[in-house]
Amino acid sequence: MQVTPPGSHIRAHVSDPVNDGHALDSLSNVLSGASDTEAGAAAMADELIHDPDAGIERLLEIMRRLRDPETGCPWDIEQDFDSIAPYTIEEAYEVADAIARKDWRDLEGELGDLLLQTVYHTAMGAEGGHFTFQSVVRKISDKMVARHPHVFGDESRDKSADQQTADWEKIKARERADNAQQGTLDGVAIGLPALLRALKLQKRAARVGFDWPSTNEVLDKITEEAAELVEARDSLTQVEIEEEFGDLLFVMANLGRHLGLDPEAALRAANAKFTRRFEAVEAKLAALGKTPADSDLAEMDALWDQVKAEARKD
């Protein structure tokens, strides 16, 4: 039996010097062509990254490069959905903050930061085979068209805002049914800020008639929950006190809804007011050569009243 030595099949193809030369030239041309193609693609990518007018394609390419396993940024490469989610929430709040401050220059930057979060999540989605940026854009576009038949379809635009809201709810109910969400409260995201989620849960329940008839009943419930919290403080465990405190907060959110107020916005405004007033107290203390640590409650309380009085005059 003849045994072919290892590699002899290769040598057989290159034993002829003339053919060998042609083969090497051909291989060289193939490799050169591949190299030129890769170099050209890299050059185009670099040009895209540095093109200020390239729009969303530029940002998508930047993210692709950041996430490249071989040449990307080590920090960006190791991120996943869970690690990025807190940044997404933070950026959304910073957008809201810029709007509240009416700082339009800052809002431009914050909206960019929030857009980056979407690009980041879609990049990871594409890597995992779940979705892409284009599929996300397609899905939200289809949803907006479907939810506005009075604009993009043949329904009449001659409707009141209340009628449009009712139609909107019917469309969303069909969407929830298509997504196998049968319960009234299905689809209210668990990850929402607690106050915002409370408001959404209450709105959903109210749509099916589970609501107090008027604001008076809500106020009565607040009195009841406050009394239960006082009682719990003196006789129950910390866990039970927390539960009663949560009940009171939940009803307070409901009161805001009945009054036509956004509880989240109201609390943000209260936070901002407290910040302004406390900073004014600190300024008055500084004029006296003091800091809050050098003062006491009585003095700071008196200065607080001064600040409130001055604010009312303004």
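Just so you know, the sequence shown maps onto residues 51 to 364 in my numbering. All C-beta atoms in this analysis are idealised placements derived from N, C-alpha and C, irrespective of residue type, glycine included. Remember, it's a predicted structure, so these values are computed and weren't measured experimentally.
Nearest to ALA303 by alpha carbon, out of VAL268, LEU286, GLY233? VAL268
Under a Cβ-count criterion, where at least 16 other Cβ atoms within 10 Å of its own Cβ denotes burial, should ALA366 be classed as buried or exposed? This structure does not reach residue 366, given that the chain is present from 51 up to 364, and the question cannot be answered.
Helix, strand or coil at ARG296 [DSSP, three-state]: The amino acid occupying residue 296 in the given sequence is Gly; Arg does not appear at that position. Three-state DSSP puts GLY296 in a helix.
Suppose you measure from the CA of PRO313 to the CA of THR121; what does that come to, to the nearest Å? 46 angstroms
Just the Cα atoms here: how many angstroms apart are GLN129 and PRO119? 12 angstroms
Buried versus exposed, by CB contacts within 10 Å (16 or more), ALA343: exposed
Sorted by chain position, which residues of the same chain lie with C-beta nearer than 6 angstroms to LEU81's C-beta, five sequence neighbours on each side aside? Any answer about LEU81 is weak, because its pLDDT of 49 lies below 50 and its placement is not dependable; what the coordinates show is given next. The answer is none, since no qualifying residue turns up.
Three-way DSSP call (helix, strand, coil) for ALA239 in this model: coil
Using the three-state DSSP reduction, which class does PHE181 fall into: helix, strand or coil? coil
ARG188 burial status per 10 Å Cβ neighbour count (16 or more: buried): exposed
What three-state label does DSSP hand THR287 in the structure shown? coil
Could you pull out every residue in the same chain whose Cβ sits closer than 7 angstroms to the Cβ of GLU205, ignoring the five residues on either side in sequence? PRO199
Determine, using beta carbons only, whether VAL301 and LYS271 come nearer to each other than 8 angstroms. yes
Do LEU110 and PHE181 come within 8 angstroms of each other at the CB atom, strictly closer than that value? no
Just curious, the alpha helix (DSSP H) that LEU251 is in, first and last residue? 244 to 257
Measure the alpha-carbon distance for SER133 versus ALA337 and round it to whole angstroms. 45 angstroms
Element boundaries [alpha helix (DSSP H), containing PRO21]: Summary: the structure shown does not reach residue 21, with the chain confined to residues 51 through 364, and so no result is reported for it.
How many Å lie between ARG108 and ALA239 at the Cα? 32 angstroms
Where do the N-terminal and C-terminal ends of the alpha helix (DSSP H) with PHE131 fall, by residue? 131 to 150
Roughly how many whole angstroms lie between the Cα atoms of GLN167 and ALA176? 14 angstroms
Taking the alpha-carbon of PHE328 as reference, which of GLN356, LEU309, ALA316, ALA315 has the nearest alpha-carbon? GLN356
Alpha helix (DSSP H) segment containing LYS358, residue limits: 347 to 363
Is PRO263 helix, strand or coil by DSSP? coil
Proximity below 8 angstroms, CB of ARG257 to CB of GLU225: no
Just tell me which of GLY237, ARG318, VAL195 has its CA closest to the CA of GLU144. ARG318
Cβ neighbours of ILE112 in the same chain (closer than 7 angstroms, five flanking residues each side left out): ILE99
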